[in-house]
Amino acid sequence: MPTIIVLALLFLLPVVVLILQAGAPGWRFPELMPELSFDGLRFLAARPGPFLTALASSLGYSLATVALTLAMTILPAQVLAFRSFPGKNLLEGLLLLPALVPAMTFSMGLHFIFIKIGLADTTPGVILVLAMIAYPYMLRALTTGYMLMGREYAVCARNLGAPAWRVFLDVELPQLLPAMAAGASVVFLVAFSEYFLVFLIGGGSVASFTGYLFPLITSSNRGLGALVTLVFLTVPILLFIALELGLYRYHRKRWMG
Amino acid sequence: MKRGIVHGLLPLLLPYCALFCAGLALTLAQSLGLFLPLGPGEITAGYYQNLIQDQGVKLSLGLSLSVAFLSAAGSVLGGTILALALWRMPPGLRRIGVVSKVGLILPHVAAAFLVLLMFSQTGLVSSLLFQTGIIASPEEFPNILHTGNGLGMILAFLLKGVPFSLLLIGAVLFGFDIRLIQTARMLGAGPWRVFWSVILPRLLPAMHSAFIILFLYAFGSFDIPFVLGESHPGMLSIRVFDIFFQRDLVQRPQAMAILTLMFVFAAVFAMLYNRFAAYLDGWRRKL
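Those protein sequence lines, which keep their order, are chains B and F.
If you read the first sequence in the working numbering, its first letter stands for residue 3, the second for the next number, and so on.
If you read the second sequence in the working numbering, its first letter stands for residue 1058, the second for the next number, and so on.
Right, here's the structure in full:
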């Protein structure tokens, strides 16, 4: 019972506070019960442009980051799971570094390079730098996925004469899907909620949801800030539900005909 | 055989070198006075010497370290306690742990926003205390967000860190082989003994991982200190940002020197901590 209360205080109360604040932009000290108003919603409905642009842009570069990290790690994960070679431990450690060391340390230098080669202030530049801080999560998930799967199925399919691409598509991919979904969820969250890197590399010309939220919470417009934060919570939740349902349907179709 | 390994790793090694290593190399070069926007300069260690003499940098380093340590340690402790509490519940009820996902999904900026809403002097907690008559004016509410020791930032990091630790530690705990505990109980171990000798050693690897990730993240993070940070002394990341964007280009190597030292610290810390944790685990196993 105390556990439930602690969980509710820690994680449900913030949502309730956000909903109340969103419904009552004029809520000020020392009132406890806010007066209901829909100013925040009305404001968004009147000027939906920047809000929708930021949302679409954030969704776009976050999904692109997921795709890029997947492309970057799918083969290396297989190598790291199945092969052994001298220096493997060191390499694995080095490959985890981008997620561990402060992102500022390499991104500030990278920003200078991006200016020189014209990638600064562009969406591809943002995607590249986000992929760099997020890929370790995908790599870990896929490596574990390959290890759990083992090599036997692939070897068996090869022995039965399947070409390499069919082994990958028909044998390995379906078994890797849960690991991919797990990695993709984390990578998406990392990319979607990042503020600083998008601001640095995107330089204001790449719209982002965090960039839209930021001035709202530091200014006095807290009602609107709360409303936007709520959308921020809903979008990933909806995506994760869709992902779960998609996987469930896929497996049912595949295994039950 | 060998070639297959290299080819298989290339899709990752190429971007790793082109983006991560190149970015770091440039940070290092600029900290030594080379490849600056104003043109190629001469190599110098002067910017590092400046840092050693700068008292402000030392204060910032102290704040960054203490905020990172307290928030990571608190998160791991809180996450472990919550995981244990959930674990003792019947499996059906255990699902309510899913609400902690809220903390995982919220961006850091939003976690900082929530701390502002709740704990500022005119915030929700203050209003509650005013309504119940415990305080008579907002000034009487302790100024949590501006104490100079980063308490507000720690609260925001905890909101993000507790569910993260819960996720990592819960993953181990919820798959725990119950027979180990039954055996220990049959051999006469009390509940505390079971916890110290059977459960905790198996949780430690996950707790170490959570700690190292959260500690290094908080140490170098920007988003939360940018919303909640006090200007003096200010976290290291904020100091770097100020030098980088708000002073003139001549100062930039100074920012890069701080970043280089932050990188070295993070990399060495991660390595030593892993060694230390592995050593401790080996030592425990021998006992």
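Backbone N, C-alpha and C define an ideal beta-carbon position, used for all residues, glycine too.
These figures come from a predicted structure and were not determined experimentally.
N- and C-terminal bounds of the alpha helix (DSSP H) containing F/D1299: Where F/D1299 is concerned, there is no enclosing alpha helix (DSSP H), because DSSP gives it neither an H nor an E.
8 Å Cβ cutoff met for B/S210 and B/S86: Taking 8 Å as the Cβ cut-off, B/S210 and B/S86 do not qualify as a contacting pair.
Beta-carbon neighbours of F/V1166, restricted to chain B and to distances below 8 Å: In chain order: S195, Y197, T212, L215, F216 and I219.
Cross-chain neighbours of F/T1084 in chain B, by beta carbon under 7 Å: Contact of F/T1084 with chain B by beta-carbon distance below 7 Å involves T107, F108, M110 and G111.
For B/C158, the first and last residue of its enclosing alpha helix (DSSP H): Secondary structure note for B/C158: its alpha helix (DSSP H) is the uninterrupted segment E154 to N161.
Rounded C-alpha distance that separates B/T5 from F/L1139: Roughly 7 Å separates the two Cα atoms.
Cut-off 6 Å between Cβ atoms - residues of its own chain near F/A1241, not counting five sequence neighbours on either side: If you ignore the 5 residues before and after F/A1241, its C-beta comes within less than 6 Å of the C-beta of V1251 and V1255, all in its own chain and listed in chain order.
Between the CA atoms of B/I76 and F/L1208 - distance to the nearest angstrom: Between F/L1208 and B/I76, the C-alpha separation is close to 41 Å.
Closer than 8 Å to chain F by CB, B/G227: By the rule that beta-carbons nearer than 8 Å mark a contact, B/G227 touches chain F.
Minimum Cβ-Cβ distance from B/A73 to chain F less than 8 Å: For B/A73, the answer is yes, since a Cβ of chain F falls inside 8 Å of its Cβ.
CA nearest to the CA of F/G1286, picked from F/L1202, F/V1155 and F/H1265: That would be F/L1202, whose Cα lies nearest to the Cα of F/G1286.
Burial state of F/D1280, where buried means 16 or more other Cβ atoms lie within 10 Å: Buried, since its Cβ has 16 or more Cβ neighbours within 10 Å.
F/L1071 (DSSP reduced to helix, strand or coil): Judged by DSSP in its simplified three-state form, F/L1071 adopts helix.
Chain-ordered neighbours of F/P1072 on chain B, where CB pairs are closer than 9 Å: By Cβ distance, chain B contributes L70, M74, L130, A133, M134 and Y137.
Minimum length 3: unbroken beta strand (DSSP E) runs contained in the stretch 1218-1263 of chain F: Here no run is fully enclosed.
Cα-Cα separation between F/K1115 and F/I1109, rounded to whole angstroms: Cα to Cα, F/K1115 sits roughly 8 Å from F/I1109.
Span separating the alpha-carbon of B/S109 from that of F/Y1274: It is roughly 15 Å from the alpha-carbon of B/S109 to the alpha-carbon of F/Y1274.
F/G1096, DSSP secondary structure in three states: F/G1096 falls in the strand class under three-state DSSP.
Distance between B/G62 and F/A1169 (C-alpha atoms, nearest Å): Linking F/A1169 to B/G62 through their CA atoms gives a straight-line distance of about 25 Å.
Chain F contact residues for B/V200, given Cβ-Cβ distances below 7 Å: Near B/V200 there are no residues of chain F at all, since even the closest Cβ is about 11 Å away, more than 7 Å.
C-beta atoms of F/V1156 and B/L9 nearer than 8 Å: Yes, Cβ-Cβ distance for F/V1156 and B/L9 is below 8 Å.
Assigned secondary structure, F/T1179 (DSSP; H/G/I helix, E/B strand, else coil): If DSSP states are grouped into helix, strand and coil, F/T1179 belongs with coil.
Closer than 8 Å to chain F by CB, B/I21: Judged by the 8 Å Cβ criterion, B/I21 is not in contact with chain F.
Own chain residues within Cβ distance below 7 Å of B/L218, not counting five before or after: Excluding positions up to five away in sequence, the list reads L226, G227 and V230.
B/M110: first and last residue of the uninterrupted alpha helix (DSSP H) it sits in: In this chain, the alpha helix (DSSP H) harbouring B/M110 covers A105 to I119.
Cα-Cα separation between F/L1237 and B/M151, rounded to whole angstroms: Cα-Cα distance, rounded: 27 Å.
Per-residue DSSP class, three states only, for B/D123: The answer is coil: DSSP assigns B/D123 none of H, G, I, E or B.
Distance, F/G1190 Cα to F/I1269 Cα: Cα to Cα, F/I1269 sits roughly 43 Å from F/G1190.
Three-state secondary structure assigned by DSSP to B/A244: Correct three-state label for B/A244: helix.
Where B/S207 sits in the DSSP three-state scheme: Note: B/S207 maps to coil in three-state DSSP.
Neighbourhood of B/L202 by C-beta distance below 7 Å, restricted to the same chain and skipping five residues each side: For B/L202, where only same-chain residues beyond five positions count, the Cβ hits under 7 Å are S109 and H113.
8 Å Cβ cut-off: residues of chain B touching F/L1294: Looking at the sequence shown, residue 1294 of chain F is not Leu but Ser. Within chain B, P104 and M106 have C-beta atoms less than 8 Å from the C-beta of F/S1294, given in sequence order.
Cα-Cα separation between F/L1344 and F/P1258, rounded to whole angstroms: Note on F/L1344: pLDDT 46, under 50, position unreliable in the model; the coordinate value appears next. In a straight line, the C-alpha of F/L1344 is about 12 Å away from that of F/P1258.
As assigned by DSSP and simplified to three states, the class of F/N1200: Coil.
Residues in the stretch 156-182 of chain B having any Cβ partner in chain F nearer than 7 Å: Listed by position along the chain: nothing, the set is empty.
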